[in-house]
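S.K.: Each number in my numbering comes from the position in the sequence shown (counting from 1) with 727 added on.
Even for Gly, the Cβ is constructed at its ideal location relative to N, Cα and C.
Note that this is a predicted model, so its numbers are computed, not measured.
Before I ask anything, let me first share the structure, which is written out below as structure tokens.
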Amino acid sequence: MKKLIYTIVLTILISSLSYADSNRTQIKRQNDQVKNKIDKHIKEQMEREKKYAKEQKFYNSDEYNFSAVEVDPKSLDKIPVIEPEYDFDITDVYRDDQ
Numbered sequence: 728m729k730k731l732i733y734t735i736v737l738t739i740l741i742s743s744l745s746y747a748d749s750n751r752t753q754i755k756r757q758n759d760q761v762k763n764k765i766d767k768h769i770k771e772q773m774e775r776e777k778k779y780a781k782e783q784k785f786y787n788s789d790e791y792n793f794s795a796v797e798v799d800p801k802s803l804d805k806i807p808v809i810e811p812e813y814d815f816d817i818t819d820v821y822r823d824d825q
């Protein structure tokens with residue numbers, strides 16, 4: 728009878744240790760997956776930062792020559808003045824009978 732109890736206790740102990748080891752392996756695998764995901768996101772963010780650093784020159788206006796698109800103040804006199812139409816009646820816009 729004692730042998731049977733020892734065998735059962737030993738079996739339970741070995742199975743629980745085996746389960747704990749497999750559980751630890753599974754947790755380690757999940758942690759590795761999370762770490763890989765984080766590393767991947769960090770690399771993607773670093774690539775975005777490199778791209779931004781490269782495009783940063785676009786935002787620095789001192790590196791561009793805007794003299795080609797400057798407006799000549801003398802040519803502004805030739806533009807005709809457009810008078811606004813003040814006789815707009817809004818009542819026809821929201822009328823239901825169409």
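Looking at the structure shown, is P807 part of a helix, part of a strand, or coil, going by DSSP?
M.R.: Here the question's residue 807 lines up with position 80 in the sequence shown. Looking at P807 - three-state DSSP - the assignment turns out to be coil, as it is neither helix nor strand.
S.K.: Have a look at Y813, N763 and V798 and flag the residue whose alpha-carbon is nearest the alpha-carbon of I806.
M.R.: Taking the sequence shown and counting its residues from 1, the one referred to as residue 806 is at position 79. Nearest of Y813, N763 and V798 to I806, Cα basis: V798.
S.K.: Between the C-alpha atoms of K755 and N763, what's the straight-line distance to the nearest angstrom?
M.R.: To locate residue 755, count along the sequence shown from 1; it is residue 28. To locate residue 763, count along the sequence shown from 1; it is residue 36. Looking at the backbone, the Cα of K755 and that of N763 are separated by about 12 Å.
S.K.: So what does DSSP say about Y813, is it helix, strand or coil?
M.R.: Taking the first residue of the sequence shown as position 1, residue 813 is located at position 86. It is coil, neither helix nor strand.
S.K.: Mapping the DSSP letters down to three states, classify E771 as helix, strand or coil.
M.R.: Sequence index remark: in the sequence shown, residue 771 carries index 44 (1-based). DSSP places E771 in helix when its eight states are reduced to three.
S.K.: Would you report the Cα separation of V820 and V796, rounded to the nearest angstrom?
M.R.: Along the sequence shown, read from residue 1 onward, the residue named residue 820 stands at position 93. Along the sequence shown, read from residue 1 onward, the residue named residue 796 stands at position 69. A direct Cα-Cα distance of roughly 40 Å separates V820 from V796.
S.K.: Suppose you measure from the CA of H768 to the CA of E774; what does that come to, to the nearest Å?
M.R.: As a first step, residue 768 must be located in the sequence shown, where it is residue number 41. As a first step, residue 774 must be located in the sequence shown, where it is residue number 47. E774 has its alpha-carbon roughly 10 Å from the corresponding atom of H768.
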